[in-house]
């Protein structure tokens with residue numbers, strides 16, 4: 001810790017600590033393959049000197065730059081995109097209401113206008129904010145590609161040596177996880193510094209690569225479902241098609257998330273890879289110095305100072321013993337050995353850091369309700385359009401066909417069915433698909449398909465069939481429940497309400513379990 005403090009002071013004195021905005025970071029990533037060195041240099045010179053930043057971005061250089069840009073956009077813009085899409089939908093409804101003059105008059109508007117205003121417009125707003133919301137983000141970032149002078153070799157070396165100080169002066173660390181992150185020694189070094197200097201494990205924000213792809217895939221897939229829902233009967237070919245897409249993407253999510261958790265469970269700093277092998281001993285020595293309690297400065301308490309406040313303590317400026325002297329006498333002291341010190345860091349990654357990640361993202365078979373709500377956005381907007389368009393007919397005719405006493409009774413009943421009940425019923429599909437495909441993968445892994453290529457093919461085929469069956473069952477269940485409530489009789493009403501209560505209870509169970517393994 002004493003060496004980190006010295007690096008913080010050195011970086012501040014020499015103006016090495018620079019900060020970039022999210023826009024600068026993402027723009028630089030997208031231009032990474034075509035930007036010249038002069039461009040990078042001019043970017044560095046334009047960055048302000050700071051004493052601290054909001055996020056230190058830790059990443060593996062093996063990951064493609066555009067993927068990193070996508071991960072950062074997801075982390076920064078996801079919540080804002082979800083909120084913006086709902087506000088855009090509300091604004092569209094208000095504009096239609098003003099144009100039509102009444103709520104029932106909206107059904108008389110052209111169908112294309114309703115589709116564009118209530119379905120397409122909010123989805124476009126979601127995608128626009130998802131990709132561009134960082135334009136309004138004022139938080140500061142430290143990102144090595146642009147916050148290190150790539151032109152001046154001596155200044156670049158000084159900046160790299162001061163990276164521990166930059167990590168210590170960052171409030172949070174944003175980890176852009178891909179398959180190679182925990183395999184890179186330098187990434188592990190950055191993580192070790194943050195572990196030592198962070199206030200709590202929650203200051204480490206790990207965003208896996210599968211999250212933005214999951215979001216965009218389900219938005220596109222369910223938009224296609226909403227467009228095809230105009231046809232009353234969906235054939236088995238359509239269920240098989242979507243079953244194949246869902247099975248393939250569930251496999252991608254399950255494998256990626258499990259690989260991340262397995263890497264953390266088996267984490268060992270000594271197994272990390274290094275581009276230049278001669279750097280390994282240097283970085284491992286830096287980690288040892290960082291976690292070695294023998295090198296911590298002593299705490300001094302002023303017992304004889306009459307004017308000192310009670311409990312006033314002071315940290316000395318230097319450790320009690322030099323590093324060279326400690327190496328000579330460590331074997332006769334009670335201080336932990338180098339292997340034990342590295343083991344402490346390994347245990348932290350395997351234990352508290354992994355547990356914090358599981359509490360935030362769950363195990364591989366878990367998906368958060370918020371992610372599922374985003375996936376069903378096209379269905380929500382399509383359902384709202386059906387309510388306001390009176391199911392594609394005049395409101396008087398639709399109310400009469402349903403046996404309702406008034407138009408507003410029909411619209412209220414339809415709104416209850418289409419908005420809360422139908423989309424909430426669809427929310428259970430996503431965790432069910434994940435867990436069903438996980439069961440399929442586990443069963444086949446223990447079966448005859450031992451070769452990876454054969455296992456993958458069989459896994460996709462069986463997963464497609466299971467996924468198609470789940471979608472078919474859910475579709476017909478929701479259709480049956482809707483008919484029970486819409487064309488209401490006393491007996492069917494009680495049965496439908498009981499089925500919805502059970503469905504909500506089942507949904508709570510699916511979303512409650514995050515796992516702790």
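Numbering (full-length UniProt numbering), first residue to last: 1 to 517. Note that CB positions come from ideal geometry on N, CA and C, so glycine has one too. Note that the coordinates shown come from a computational prediction; the quantities given were computed from them, not determined experimentally.
Inset, instruction - Output yes or no for whether 8 Å exceeds the beta carbon distance between residue 264 and residue 374. - result: Working through the chain shown from its first residue, we reach residue 264 at position 264. Working through the chain shown from its first residue, we reach residue 374 at position 374. No, they are not a contact pair.
Inset, instruction - Decide yes or no for the touch test of the segment 154–174 against the segment 194–201: beta carbon pairs closer than 8 Å, at least 3 of them. - result: Verdict: yes, contact present.
Inset, instruction - Can you say whether residue 512 is buried or exposed, counting buried as having 16 or more other CB atoms within 10 angstroms of its CB? - result: Walking along the chain shown from the start, residue 512 turns up at place 512. Exposed, since its Cβ has fewer than 16 Cβ neighbours within 10 Å.
Inset, instruction - Would you check if the distance between the CB atom of residue 387 and the CB atom of residue 418 is smaller than 8 Å? - result: On the chain shown, position 387 is the one that residue 387 refers to. On the chain shown, position 418 is the one that residue 418 refers to. In contact: residue 387 and residue 418 (Cβ atoms closer than 8 Å).
Inset, instruction - For the beta strand (DSSP E) containing residue 201, list its first residue and its last residue. - result: Looking up residue 201 in the chain shown gives position 201. Per DSSP, residue 201 belongs to no beta strand (DSSP E) and is neither H nor E.
Legend entry - Three-way DSSP call (helix, strand, coil) for residue 174 in this model: The residue labelled residue 174 in the question sits at position 174 within the chain shown. If DSSP states are grouped into helix, strand and coil, residue 174 belongs with the strands.
Inset, instruction - Check residue 102 in the structure and name its three-state DSSP category. - result: Residue numbering aside, residue 102 sits at position 102 when the chain shown is read from its first letter. Here DSSP, grouped into helix, strand and coil, assigns residue 102 to coil.
Legend entry - Rounded straight-line distance, which links the Cα of residue 8 to that of residue 364: If you number the chain shown from 1, residue 364 lands on position 364. If you number the chain shown from 1, residue 8 lands on position 8. Each residue's Cα considered, the two are about 39 Å apart.
Legend entry - Opening and closing residue of the alpha helix (DSSP H) in which residue 396 lies: The residue labelled residue 396 in the question sits at position 396 within the chain shown. 395–401 is the extent of the alpha helix (DSSP H) around residue 396.
Inset, instruction - Report the residue ranges of all beta strand (DSSP E) runs contained in full by the segment 113–137; include only those spanning at least 3 residues, in chain order. - result: Within the segment 113–137, no complete beta strand (DSSP E) run reaches 3 residues.
Legend entry - Bounding residues of the alpha helix (DSSP H) (the contiguous stretch that carries residue 383): Here residue 383 is taken as the residue at index 383 of the chain shown, counted from 1. Taken as a continuous stretch (DSSP letters only), the alpha helix (DSSP H) holding residue 383 covers 377–388.
Inset, instruction - Would you tell me roughly how many angstroms separate the C-alpha atoms of residue 117 and residue 267, rounded to the nearest one? - result: Taking the first residue of the chain shown as 1, we reach residue 117 at position 117. Taking the first residue of the chain shown as 1, we reach residue 267 at position 267. Those two C-alpha atoms are separated by around 50 Å.
Legend entry - Per-residue DSSP class, three states only, for residue 511: Mapped onto the chain shown, residue 511 falls at position 511. DSSP places residue 511 in helix when its eight states are reduced to three.
Inset, instruction - Could you tell me if residue 186 is buried or exposed, where buried requires 16 or more neighbouring beta carbons within 10 angstroms of its beta carbon? - result: What you label residue 186 is simply residue 186 of the chain shown in a count that begins at 1. Residue 186 comes out buried.
Inset, instruction - Compute the distance between the beta-carbons of residue 119 and residue 382, then report whether it is under 8 Å. - result: By one-based count along the chain shown, residue 119 stands at place 119. By one-based count along the chain shown, residue 382 stands at place 382. Going by C-beta atoms, residue 119 is nearer than 8 Å to residue 382.
Legend entry - Spatial neighbours of residue 212 in its chain, beta-carbon cut-off 8 Å, leaving aside the 5 residues before and after: On the chain shown, position 212 is the one that residue 212 refers to. Result list for residue 212: 70, 71, 73 and 74, in chain order.
Inset, instruction - Spatial neighbours of residue 430 within its chain, please: CB distance less than 8 Å, with the 5 preceding and 5 following residues excluded, ordered by chain position. - result: Here the question's residue 430 lines up with position 430 in the chain shown. If we look at residue 430 and ignore the five residues flanking it on each side, its Cβ neighbours are 218, 367, 371, 372 and 375.
Legend entry - residue 184 in three-state terms, based on DSSP: Along the chain shown, one-based indexing puts residue 184 at 184. In this structure, residue 184 counts as strand in the three-state DSSP scheme.
Legend entry - Boundaries (first-last residue) of the alpha helix (DSSP H) holding residue 14: Position 14 of the chain shown, counting from 1, holds the residue named residue 14. Careful: residue 14 lies outside any alpha helix (DSSP H) and carries neither H nor E.
Legend entry - Counted within 10 angstroms of its Cβ, other Cβ atoms place residue 397 as buried (16 or more) or exposed: For the purposes of this step, residue 397 is taken as residue 397 along the chain shown, with counting starting at 1. With fewer than 16 other Cβ atoms within 10 Å, it is exposed.
Legend entry - Boundaries (first-last residue) of the alpha helix (DSSP H) holding residue 237: Reading the chain shown from its first residue, position 237 is the one you call residue 237. For residue 237, the enclosing alpha helix (DSSP H) starts and ends at 236–265.
Inset, instruction - Spell out a yes or no on whether the segment 250–257 and the segment 459–470 are touching, meaning 3 or more CB-CB pairs, one atom from each, closer than 8 Å. - result: The segment 250–257, when compared against the segment 459–470, does touch it at the 8 Å Cβ threshold.
Inset, instruction - Check residue 562 in the structure and name its three-state DSSP category. - result: Limits of the chain in this structure are 1 at one end and 517 at the other, which puts residue 562 out of reach.
Legend entry - Exposure of residue 140, with buried meaning 16 or more beta-carbon neighbours within 10 Å: As a working note, residue 140 is residue 140 in the chain shown. Per the 10 Å Cβ criterion, buried.
Legend entry - Bridge partners - residue 53, DSSP secondary structure assignment: As a first step, residue 53 is located in the chain shown; it is residue number 53 there, counting from the start. Note: residue 53 sits in a beta bridge opposite 170.
Inset, instruction - For the alpha helix (DSSP H) containing residue 218, list its first residue and its last residue. - result: Taking the chain shown and counting its residues from 1, the one referred to as residue 218 is at position 218. For residue 218, the enclosing alpha helix (DSSP H) stretches over residues 210–228.
Inset, instruction - Please classify residue 142: does DSSP put it in a helix, a strand, or coil? - result: The sequence position of residue 142 within the chain shown is 142, counting from 1. It is a strand residue.
Inset, instruction - Would you be able to state if there are at least three C-beta pairs under 8 Å between the segment 422–437 and the segment 122–131? - result: Below 8 Å, too few C-beta pairs join the segment 122–131 and the segment 422–437 to call them touching: fewer than three.
Legend entry - Exposed unless 16 or more other CB atoms sit within 10 angstroms - verdict on residue 395: Counting from 1 along the chain shown, the entry for residue 395 is found at position 395. Result: buried.
Inset, instruction - Taking all protein chains shown into account, decide if residue 362 is buried (16 or more other Cβ within 10 angstroms of its Cβ) or exposed. - result: Taking the first residue of the chain shown as position 1, residue 362 is located at position 362. Taking all protein chains in view, the Cβ of residue 362 is crowded by 16 or more other Cβ atoms within 10 Å, so the residue is classified as buried.
Legend entry - Bridge partner(s) assigned by DSSP for residue 24: Translated into the one-based positions of the chain shown, residue 24 becomes position 24. Within the DSSP bridge table, the entry for residue 24 names no partner.
Inset, instruction - Take residue 257 and list the residues in its own chain whose beta-carbon comes closer than 6 Å to its own, dropping the five residues that flank it on each side. - result: The residue you call residue 257 lines up with position 257 of the chain shown. The answer, listed in chain order, is 364.
Inset, instruction - Report the three-state DSSP secondary structure of residue 337 (helix, strand or coil). - result: Numbered from 1 along the chain shown, position 337 holds the residue referred to as residue 337. If DSSP states are grouped into helix, strand and coil, residue 337 belongs with coil.
Inset, instruction - Give the DSSP bridge partners of residue 59, in chain order. - result: Against the chain shown, residue 59 aligns to sequence position 59. Bridge partners of residue 59: 176.
Inset, instruction - Compute the Euclidean distance between the alpha carbons of residue 507 and residue 425, then round it to the nearest angstrom. - result: As a first step, residue 507 must be located in the chain shown, where it is residue number 507. As a first step, residue 425 must be located in the chain shown, where it is residue number 425. The C-alpha of residue 507 lies about 8 Å from the C-alpha of residue 425.
Inset, instruction - Out of 423, 341 and 467, state which residue places its alpha-carbon closest to the alpha-carbon of residue 481. - result: Here residue 481 is taken as the residue at index 481 of the chain shown, counted from 1. For residue 481, the nearest C-alpha among the options comes from 423.
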